[in-house]
Ligand code: UDH
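Residue numbers (this note's numbering): 31 to 314.
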């Protein structure tokens with residue numbers, strides 16, 4: 031029985047690998063380039079300054095803001111942009127790239143930066159889908175559609191560094207996609223997680239508390255590359271994450287988009303992305 035079952039799985043996996051979404055003329059696998067020469071910038075004359083692009087011959091159903099939390103990761107950003115612009119354009123996406131940079135050397139607050147990205151992106155365009163992505167995560171399969179769905183979507187569950195398997199059932203980190211309505215329903219991320227860890231588990235609890243489910247595409251289409259790196263200075267383990275997580279459901283309606291405060295410093299329009307520099311204050 032076990033033999034027959036594993037044969038069935040293998041046949042199904044092969045079937046999924048062969049599906050070719052010809053409507054989009056996209057193919058698997060996607061050829062990620064990690065060695066990007068310093069002077070190499072993706073060229074598309076139609077793309078607007080600030081990293082916004084729309085498909086030429088159709089009106090996309092979703093307007094997608096891709097929001098990246100950032101500090102001191104220039105080399106990863108270059109690789110991400112070089113790979114992701116062609117990837118998104120092949121998927122006929124109407125999208126803009128927002129890199130939200132934390133000013134100063136205080137502990138990093140990934141979740142707060144993502145909340146800020148949501149607000150800052152909406153000042154520029156009528157986005158209705160938000161993809162919150164780490165700067166070092168790149169999809170390996172062109173069929174992995176960077177779109178929102180009927181439930182919040184987890185898009186980094188099949189990482190190469192974890193052997194393409196979901197590490198634990200409630201994992202919801204790396205890359206997640208929310209419609210505007212879904213993100214408002216959970217009041218965004220918590221603003222209280224300073225340092226590494228916990229904010230993604232908190233978001234998972236918000237989604238479930240709000241009565242939604244997590245969606246994940248199959249593990250083959252979702253194969254994803256995580257660029258290896260060391261832990262960044264200023265992003266040490268957050269010792270407060272466990273006590274915060276215990277009260278996640280109770281906190282969610284008072285801690286998030288509706289309690290977000292920060293100081294906008296400046297916006298910089300680069301050819302391939304919009305960078306917003308912000309002062310997010312310090313841990314309480
Ligand atoms: N980020 C920055 N700068 C920082 C810290 C984090 O830009 O100083 C952003 C960046 O987008 C990054 C994301 O926050 O992709 C998540 O941070 P992370 O990459 O540190 O988190 P991850 O869980 O890595 O992916 C954990 C540290 C790995 C150490 C492994 C040692 N073998």
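Yeah, the Cβ is synthetic: ideal placement off N, Cα and C, and Gly gets one too.
From a predicted model like this one, the values you see are computed outputs, not experimental measurements.
Taking the continuous beta strand (DSSP E) assigned at residue i, which residues delimit it?
i: residue 167; result: 167-169
i: residue 99; result: 93-100
i: residue 29; result: Nothing can be reported for residue 29: it is not among the residues displayed for the chain, which extend from 31 to 314.
Would residue i and residue j be called neighbours here (beta carbons separated by less than 9 Å)?
i: residue 182; j: residue 245; result: yes
i: residue 83; j: residue 128; result: no
i: residue 281; j: residue 220; result: yes
i: residue 93; j: residue 157; result: yes
i: residue 254; j: residue 185; result: yes
i: residue 274; j: residue 77; result: no
i: residue 35; j: residue 150; result: no
i: residue 141; j: residue 90; result: no
i: residue 216; j: residue 239; result: yes
i: residue 242; j: residue 212; result: yes
i: residue 305; j: residue 167; result: no
i: residue 112; j: residue 81; result: no
Measuring CA to CA, which of the options is closest to residue i?
i: residue 251; options: 176, 237, 81; result: 176
i: residue 66; options: 308, 98, 188, 106; result: 106
i: residue 214; options: 290, 79, 172, 108; result: 290
i: residue 237; options: 283, 195, 261; result: 283
i: residue 147; options: 225, 260, 300, 96; result: 96
i: residue 198; options: 90, 217, 258, 188; result: 188
i: residue 267; options: 276, 310, 139; result: 139
i: residue 196; options: 235, 286, 249; result: 249
In angstroms with no decimal places, state the Cα-to-Cα distance between residue i and residue j.
i: residue 296; j: residue 288; result: 22 Å
i: residue 33; j: residue 231; result: 36 Å
i: residue 312; j: residue 86; result: 44 Å
i: residue 152; j: residue 163; result: 17 Å
i: residue 52; j: residue 292; result: Low per-residue confidence applies at residue 52: pLDDT is 40, beneath 50, and the placement is therefore not dependable, though the value from the model is reported in the following sentence. So the alpha carbons of these two residues sit roughly 45 Å apart.
i: residue 224; j: residue 261; result: 14 Å
i: residue 71; j: residue 108; result: 8 Å
i: residue 98; j: residue 134; result: 17 Å
i: residue 132; j: residue 307; result: 6 Å
i: residue 54; j: residue 209; result: Bear in mind that a pLDDT of 44 at residue 54, under 50, signals an unreliable position, so the number given afterwards is only what the model happens to contain. C-alpha separation (whole angstroms): 22 Å.
i: residue 161; j: residue 178; result: 8 Å
i: residue 137; j: residue 278; result: 21 Å
i: residue 154; j: residue 180; result: 25 Å
i: residue 310; j: residue 172; result: 35 Å
i: residue 227; j: residue 194; result: 21 Å
Which first and last residues belong to the alpha helix (DSSP H) in which residue i is found?
i: residue 231; result: 229-239
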